[in-house]
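Participant:
Residue numbers (the UniProt record's numbering): 1 to 427.
#1: Going by alpha carbons, who is nearest to residue 329 out of 290, 179 and 260?
#2: How would you call residue 417, buried or exposed, if buried means at least 16 neighbouring beta carbons within 10 angstroms?
#3: Pairing CB atoms from the region 147-163 with CB atoms from the region 16-26, are three or more of them under 8 Å?
#4: I need the boundaries of the alpha helix (DSSP H) containing residue 343, first residue and last residue.
#5: For a quick check, are the C-beta atoms of residue 316 and residue 401 less than 7 Å apart?
#6: Within its chain, find whatever has a CB closer than 7 Å to the CB of residue 170; leave out the 5 residues flanking it on each side and keep chain order.
#7: Can you tell me the Cβ-Cβ gap for residue 35 and residue 257, rounded? I've got them flagged as a contact below 8 Å.
#8: Tell me the rounded alpha-carbon separation between residue 204 and residue 378.
#9: For residue 232, which of helix, strand or coil comes out of DSSP?
#10: Kindly list the residues whose CB is nearer than 7 Å to the CB of residue 355, restricted to its own chain and excluding five residues on each side of it in sequence; keep chain order.
#11: Grouping DSSP H, G and I as helix and E and B as strand, with all else coil, what is residue 40?
#12: Does the Cβ-Cβ distance between residue 157 and residue 172 come in under 7 Å?
#13: Pick helix, strand or coil for residue 31, following the three-state DSSP scheme.
#14: Are the CB atoms of residue 318 and residue 331 within a distance shorter than 7 Å?
#15: Return helix, strand or coil for residue 94, following the three-state DSSP convention.
#16: Using a Cβ-Cβ cut-off of 7 Å (strictly less than) and excluding sequence neighbours within five positions of residue 349, which residues of its own chain qualify?
#17: Among 242, 286 and 47, which has the Cα closest to the Cα of residue 389?
#18: Could you check how far apart the C-beta atoms of residue 407 and residue 241 are, in whole angstroms? I think they sit under 8 Å.
#19: To which residues of the same chain is residue 386 closer than 6 Å at the C-beta, ignoring the five residues directly before and after it?
#20: How big is the Cα-Cα spacing for residue 99 and residue 92?
#21: Helix, strand or coil for residue 397? Go by DSSP, reduced to three states.
#22: Tell me the residue span of the alpha helix (DSSP H) that contains residue 188.
#23: Thinking residue 85 and residue 108 are a contact (beta carbons under 8 Å), I'd like their distance in whole angstroms, please.
#24: In chain order, which beta strand (DSSP E) runs of at least 3 residues are fully inside the region 279-336?
#25: If you follow the alpha helix (DSSP H) that residue 55 is in, where does it begin and where does it stop?
#26: Write down every uninterrupted run of the alpha helix (DSSP H) in the region 63-88 whose length is 4 residues or greater and which is fully enclosed by it, in chain order.
#27: Less than 6 Å between C-beta atoms, sequence neighbours within five positions excluded: which residues of the same chain meet that for residue 244?
#28: Under 8 Å, with one C-beta from each stretch per pair, do the region 110-125 and the region 247-257 reach the 3-pair mark?
#29: So residue 320 packs on residue 394, CB below 8 Å; how close in whole Å?
Quick look at the structure:
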């Protein structure tokens, strides 16, 4: 068992390992939801888009609630609760025989993530801040490592899910539920009890709650403002624009499977696409993070969203001018590559910026708001894009290409004071 390196502060290796296993259980099931809904339940693209949007909204859309609860009750409690709720959601998916049952299971699955992820991210942020003084100049943040190890689980997940589907969807979901149960029990045992204590205003250098004074007559530390993230107009605008990243990445679950089916590819192609995403992330996340560190957050965000826009533009063009015989999957492949590169460029940069926005306040609610804006955007975009993919795919891909361009222009103008600067010494 890996021990924490200081009281109340779980070791980074514990957090990274939990993300790996959590992603394994997630990606063994979620990438195949669209196919199962279409083939087993006979749902159309609009219904599929709404279900996937509801799942994403119940996760990212409720991240703010999860973050506020984590700031109030501590990350240990919320991580355990999130695992319990996600297991319940997976059991619901295994037992569902119609659309309402499937929708309920999907919503519970998402809500479990809303409780788990902000708590985990706040622990990662605290560990990253503590390690900055020991980290050599130009090295990426701990969030780049979090993405990297998570993708190891994401690489195995779709392959395991595709194999388990041969035994039935219920079997696949039950295996995933077992993994989440194991993660919940393990983290409850490994994360120190001190980490579960509600924090006051976080100390910027250590991530711990400060005290106002010492001695019997010292004033208590002020209670943190749980709504600080919502009241920060700059961060609210930043979160709204960054929501485009989640809308775009959600197309791996909605638009991409439908596009692959339209091109004549089967279920195996979906698993291969997610394997490609994982392999790209595993091999390129660290070099891309080094490049982003050299560029600085503003230029890195512009580059990431510009790359994402390129992938959607390729699919829009492919819808207007069909590829030649033998190259039907080329536009989808371009989307996978560009979307992955854009996401791995912009994501860790944004996660590292959150403590600068928080300016010493507890960070879980800030991470929660960031994801909640994405959840709302996905819920709205899921129905719109889903309906357009049925009747006017070129228009759907064109809209999805335009949104990242807006984000690439706007996000660099909203960087917080104290944001990391470009590094010339990254190695």
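Cβ atoms here follow ideal geometry from the backbone N, Cα and C, with glycine treated the same way.
Facilitator: On the basis of the data shown:
#1: 260
#2: exposed
#3: yes
#4: 330-358
#5: yes
#6: 94
#7: 6 Å
#8: Low confidence applies to residue 204: its pLDDT is 39, below 50, so where it sits in the model is not reliable, and the reading given next is rough at best. Distance between the alpha carbons of residue 204 and residue 378: 32 Å.
#9: coil
#10: 125, 129 and 363
#11: coil
#12: no
#13: helix
#14: yes
#15: helix
#16: 292, 297, 300 and 301
#17: 47
#18: 5 Å
#19: 45, 46 and 49
#20: 12 Å
#21: helix
#22: 169-190
#23: 6 Å
#24: none
#25: 45-56
#26: 63-73
#27: 403, 404 and 407
#28: no
#29: 5 Å
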